[in-house]
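K.L.:
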Amino acid sequence: MKSKKASLMHQIIVHLILIALIFAMFFMSASYRTESKGVKQQVLEKQLALLIDSAEPNTTIIVRQIYMNGKVSNMEIKQGRIFVYVNDQGYSKGYPYFTKYELGLEKDDENYYIKIK
Amino acid sequence: MTFLLYKNKMRKIKILNKKGALGEGILMIYRLALVVLIAFVVLGLSAVFYDYYINIRNVEAQILEKQVMNCLVPNGILDFDSFPKDDKGQPKPELLDYCKIKNTGRFYVEVEFRKLDSLKDFYSYSLGEKGDFNDIAVMFKLYQGDKGKFWTLEASQNENAAEETTKYKPGYFYNRYPIYVLSQGKRIPGGLFTRALVSHEF
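First to last, the protein sequences are chains Y and G.
Note that our numbering gives residue 759 to position 72 of the first sequence, counting from 1, and the numbers run on in steps of one.
Note that our numbering gives residue 31 to position 12 of the second sequence, counting from 1, and the numbers run on in steps of one.
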């Protein structure tokens, strides 16, 4: 009798854990989307790609690390793409640019500097 | 005798218990698989319905066209003699390379030149006073890229196209300019017709 009760409890606990996991995944996904990190990232990456494409040489584009919609936690320029990570987001596909000029990226405590050489 | 019967009964119960435990385990795996499947369906659906895509390809096409024009016709005169040609004297399909624009495989750029008697004719044709530009033969065409990508533009412009195709809709820009072409030391007036297509980045 005891073992039957224990087995039932065991099953209920496993089910509860599984349901909690699903809900956690769902809430994480929903919070990611409602916080619109992806949209902010898209906007920044695409705006910067357009600025880079249309910029003349010896231009510097300044991007503030902390801006009104959040924080740019990291920025990268590699393989013909610009990557912007917003609010400690760890993943980005980046957006391609096609400028014929060389690019450089520098950073200080407040800003990122994209230099078109 | 009674003892033997009891022993046999106990043995049968043990075997049944073992079978039951095995069945429970299999059922557990099935439940787990079902739960994982439901979770993926929920996440997949939320990803599809909440996904928001910003399409900037039309602006990219405009910038690309501007870059090509700045490179080809810097002062209103296109130097046709400086463009690379094949053995037959036809211009090579290397417009992007000529302008040193990174060819990422997303672009198709085309420049067509139609000869006119004077630059004034360009405006007459533009107003439809003298006829249609398409009636004038193309003197030369410079281009680079995959022209086949135009089908994606036509497909996305179709009224029956699904809304999802807008994510893959290419950017397109078209323009025309009155210019002179420098060929074999002669200045030839005419119209330059440009088309730029930027396909998706996925």
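Where is the CB? At the ideal position from N, CA and C, for every residue including glycine.
In this text the structure is predicted, and so the values were computed from the model without any measurement.
What residues from the stretch 707–718 of chain Y come within 8 Å of chain G, judged by C-beta to C-beta, listed N to C?
P.N.:
Under the 8 Å Cβ criterion, the stretch 707–718 of chain Y contributes Leu708, Ile709, Met712, Phe713, Ser716 and Ala717.
K.L.:
Is Val54/G closer than 8 Å to Ile709/Y when the C-beta atoms are compared?
P.N.:
For the purposes of this step, residue 709/Y is identified with residue 22 of the first sequence, where counting begins at 1. For the purposes of this step, residue 54/G is identified with residue 35 of the second sequence, where counting begins at 1. Going by C-beta atoms, Ile709/Y is nearer than 8 Å to Val54/G.
K.L.:
Between the alpha carbons of Val759/Y and Asn74/G, how many angstroms are there, rounded?
P.N.:
Sequence index remark: in the first sequence, residue 759/Y carries index 72 (1-based). Sequence index remark: in the second sequence, residue 74/G carries index 55 (1-based). Approximately 22 Å between the Cα atoms of the pair.
K.L.:
How many Å lie between Phe152/G and Gln163/G at the Cα?
P.N.:
Along the second sequence, one-based indexing puts residue 152/G at 133. Along the second sequence, one-based indexing puts residue 163/G at 144. Cα-Cα distance, rounded: 23 Å.
K.L.:
Beta-carbon of Pro783/Y versus every beta-carbon of chain G: anything under 8 Å?
P.N.:
What you label residue 783/Y is simply residue 96 of the first sequence in a count that begins at 1. Answer yes: the Cβ-Cβ gap between Pro783/Y and chain G drops below 8 Å somewhere.
K.L.:
Using a C-beta cutoff of 8 Å, does Glu79/G count as contacting chain Y?
P.N.:
Along the second sequence, read from residue 1 onward, the residue named residue 79/G stands at position 60. It does: the Cβ of Glu79/G has a partner Cβ on chain Y nearer than 8 Å.
K.L.:
Please state the DSSP three-state secondary structure of Glu43/G.
P.N.:
For the purposes of this step, residue 43/G is taken as the residue at position 24 of the second sequence. In the structure shown, Glu43/G sits in a helix (DSSP, three-state: H, G or I).
K.L.:
Fully enclosed by the stretch 93–124 of chain G, which alpha helix (DSSP H) runs are 4 residues long or longer?
P.N.:
List check, alpha helix (DSSP H) in window: 114–117.
K.L.:
Apart from the five residues on each side of it in sequence, which residues of its chain come closer than 8 Å, Cβ to Cβ, to Asp116/G?
P.N.:
Stepping through the second sequence from its first residue, residue 116/G is reached at position 97. Closer than 8 Å at Cβ, skipping near neighbours: Asn122 and Gln163.
K.L.:
Quick one: give me the first and last residue of the beta strand (DSSP E) that Ser202/G is part of.
P.N.:
The sequence position of residue 202/G within the second sequence is 183, counting from 1. Per DSSP, Ser202/G belongs to the beta strand (DSSP E) from Gly190 to Ser202.
K.L.:
Report the rounded CA-to-CA distance for Lys134/G versus Gln81/G, giving the unit in angstroms.
P.N.:
Mapped onto the second sequence, residue 134/G falls at position 115. Mapped onto the second sequence, residue 81/G falls at position 62. Approximately 25 Å, taken between the alpha carbons.
K.L.:
Could you say if the stretch 724–735 of chain Y and the stretch 769–784 of chain Y meet the contact criterion of at least three C-beta pairs nearer than 8 Å?
P.N.:
They touch, by the three-pair rule.
K.L.:
Cβ of Tyr142/G less than 8 Å from any chain Y Cβ?
P.N.:
In the second sequence, residue 142/G corresponds to position 123, counting from 1. So, not an interface residue.
K.L.:
Can you tell which of Asn798/Y, Phe713/Y, Asp795/Y and Thr786/Y has its C-alpha closest to the C-alpha of Lys804/Y?
P.N.:
The residue labelled residue 804/Y in the question sits at position 117 within the first sequence. Ranking Asn798/Y, Phe713/Y, Asp795/Y and Thr786/Y by Cα distance to Lys804/Y puts Thr786/Y first.
K.L.:
Report the CB separation of Ile207/G from Gly95/G in whole angstroms; it is logged as a contact under 8 Å.
P.N.:
To locate residue 207/G, count along the second sequence from 1; it is residue 188. To locate residue 95/G, count along the second sequence from 1; it is residue 76. With a Cβ gap of about 13 Å, Ile207/G and Gly95/G do not count as contacting.
K.L.:
Can we say the stretch 738–755 of chain Y touches the stretch 786–797 of chain Y, given the rule of at least three CB pairs closer than 8 Å?
P.N.:
Yes, since at least three Cβ pairs between the stretch 738–755 of chain Y and the stretch 786–797 of chain Y fall closer than 8 Å, the two stretches touch.
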